[in-house]
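Shown next, in structure tokens, is the structure this report addresses.
Numbering (the working numbering), first residue to last: 86 to 563.
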């Protein structure tokens, strides 16, 4: 009966040592059943590769290239490899260590007989010589049984740190794709802005020529001429900076795709043909608050951090308990000498079991446990905070997107009406019912509305990228 009791006790200790350290993510956040601003969403639910829905082959190719060649992503992947190696190292501490040792030696001895002739006749005439060899081999084994699970906790902490590094890789993928999309949209907006500014400049120059004629006839003052000249100069200055802006976005895309900025060129003709800003997809539908826990890499990383700190706390508590170690040594050898003596050979073994128990540590172990517990509580708070922030970001991004979509509709209607008015005013001028300056001013008004519409479309594109990041789109499981 007593033997059975000790067997069950040993089995329970072994199972305890082999169990993984995991705590329930007891979040204080009560997730809502649905978002408040997603009812009108009609876009595709597939957001892991959102760029495939944007119907711009150049953008898709750039993002796919960046996912293969981006340096930030490569650095994150190398850090993941490091974390995996550390995790494997921590897991190896659970197993016994076995080593082998051996040595091989030899000796040779020769001594000349330096005795006198008379002495040689008595003791002999031979020189002295001897040789022999030694062979020794052995096996050394040691093991620290993880009776109370400290090593398992350390291994679990390293494993969850590895998972956190993996989530940082996914997060980097998401950010790289979003950054390329942002720079690409900005570059395309610059191209369209250049077209609007060119038409505006032509109209202003035409208006300037008309005012010069009226000034010569005494119908306008120098104030009107100076005013139009200032507008032209300001517009020309704005044109000068646009090329620098486009080149900066172009270089940023080259850097994100792992290419040398010098010599890298975007296909501007293809960008203008795709006209991405005018064909943005609808916001994705079917998103639920609960999906954030598995879609957002930052939330997943925070969850892994909680588990890692829980494992470290368990390891710190195990310092209060005894630690055992088992040592074993086995050796064999052979010594052989020249002469009539038989070879010497034999084998031997040695084993030991040790135990260490902390008695007085001046509060070090207790302080370490308190620090580990504080780190765990901090990780839980950060986990809850990341969930709250994500919930706010999703609804804010959806609301902003629908607001921008409505703004684009209204501005598009204003552009159409202003363009129609400019055309009608031009006809009235041709029939003599309006002066040329009125026709040109209505054309400038229509161009201003076009610029406002372009700005709204750019803002909608950038906000859509933020929406993808808010709901955790732009990465895939490896």
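No residue lacks a Cβ here, since even glycine has one placed at the ideal position from N, Cα and C.
Keep in mind that this is a model prediction, so the values were computed, not measured.
Can you check which of these residues, the options, is closest to residue i by C-alpha distance?
i: residue 346; options: 354, 337, 352, 353; result: 337
i: residue 276; options: 141, 437, 324; result: 324
i: residue 465; options: 173, 385, 341, 181; result: 385
i: residue 508; options: 528, 492, 521; result: 528
i: residue 173; options: 331, 248, 147, 183; result: 248
i: residue 444; options: 404, 483, 557, 160; result: 404
i: residue 352; options: 296, 310, 269, 283; result: 269
i: residue 503; options: 520, 531, 517; result: 531
i: residue 415; options: 563, 432, 178, 298; result: 432
i: residue 538; options: 114, 506, 513, 498; result: 498
i: residue 356; options: 271, 299, 298; result: 271
i: residue 299; options: 563, 534, 521, 533; result: 521
i: residue 154; options: 362, 534, 265; result: 265
i: residue 362; options: 330, 320, 144; result: 144
i: residue 124; options: 562, 487, 193; result: 487
i: residue 319; options: 375, 331, 283; result: 283
Within a Cβ cutoff of 6 Å, which residues of the same chain sit near residue i, ignoring the five residues on either side of it in sequence?
i: residue 186; result: 223
i: residue 396; result: 106, 238, 241, 242
i: residue 485; result: 548
i: residue 442; result: 407
i: residue 183; result: 226
i: residue 122; result: 480, 483, 484
i: residue 279; result: 327
i: residue 101; result: At residue 101, the pLDDT of 45 sits below 50, so the modelled position is not reliable; the number obtained from the coordinates is stated separately. Counting only Cβ-Cβ distances below 6 Å, and skipping sequence neighbours, we find 234.
i: residue 578; result: One cannot answer for residue 578 here, as it falls past the ends of the chain, which runs 86 to 563.
i: residue 389; result: 245, 248, 249
Would residue i and residue j qualify as a contact pair, given that the criterion is a beta-carbon distance under 7 Å?
i: residue 500; j: residue 510; result: no
i: residue 128; j: residue 382; result: no
i: residue 120; j: residue 479; result: yes
i: residue 440; j: residue 409; result: yes
i: residue 314; j: residue 377; result: no
i: residue 400; j: residue 235; result: yes
i: residue 519; j: residue 513; result: yes
i: residue 411; j: residue 228; result: yes
i: residue 459; j: residue 398; result: no
i: residue 556; j: residue 344; result: no
i: residue 525; j: residue 342; result: no
To which residues of the same chain is residue i closer than 7 Å at the C-beta, ignoring the five residues directly before and after it?
i: residue 364; result: 140
i: residue 553; result: 132, 135, 263, 559
i: residue 258; result: 152, 158, 559, 560
i: residue 169; result: 247
i: residue 113; result: 469
i: residue 267; result: 547, 550
What's the C-alpha gap between residue i and residue j?
i: residue 549; j: residue 340; result: 23 Å
i: residue 387; j: residue 547; result: 26 Å
i: residue 231; j: residue 473; result: 39 Å
i: residue 137; j: residue 126; result: 18 Å
i: residue 306; j: residue 285; result: 23 Å
i: residue 244; j: residue 156; result: 25 Å
i: residue 281; j: residue 461; result: 56 Å
i: residue 165; j: residue 180; result: 24 Å
i: residue 116; j: residue 477; result: 12 Å
i: residue 333; j: residue 454; result: 52 Å
i: residue 250; j: residue 358; result: 40 Å
i: residue 536; j: residue 274; result: 10 Å
i: residue 290; j: residue 354; result: 27 Å
i: residue 317; j: residue 380; result: 50 Å
i: residue 292; j: residue 543; result: 30 Å
i: residue 309; j: residue 297; result: 9 Å
i: residue 118; j: residue 178; result: 45 Å
i: residue 335; j: residue 452; result: 54 Å
i: residue 370; j: residue 348; result: 40 Å
i: residue 329; j: residue 302; result: 42 Å
i: residue 393; j: residue 252; result: 14 Å
i: residue 311; j: residue 142; result: 47 Å
i: residue 147; j: residue 294; result: 46 Å
i: residue 402; j: residue 448; result: 13 Å
i: residue 160; j: residue 350; result: 26 Å
Within the same chain, show all residues whose beta-carbon is closer than 8 Å to that of residue i, passing over the 5 residues directly before and after it, in chain order.
i: residue 490; result: 545
i: residue 541; result: 489, 492, 493, 496
i: residue 162; result: 254
Which one or two residues does DSSP pair with residue i in a beta bridge?
i: residue 408; result: 441
i: residue 224; result: 185, 415
i: residue 436; result: 413
i: residue 128; result: 369
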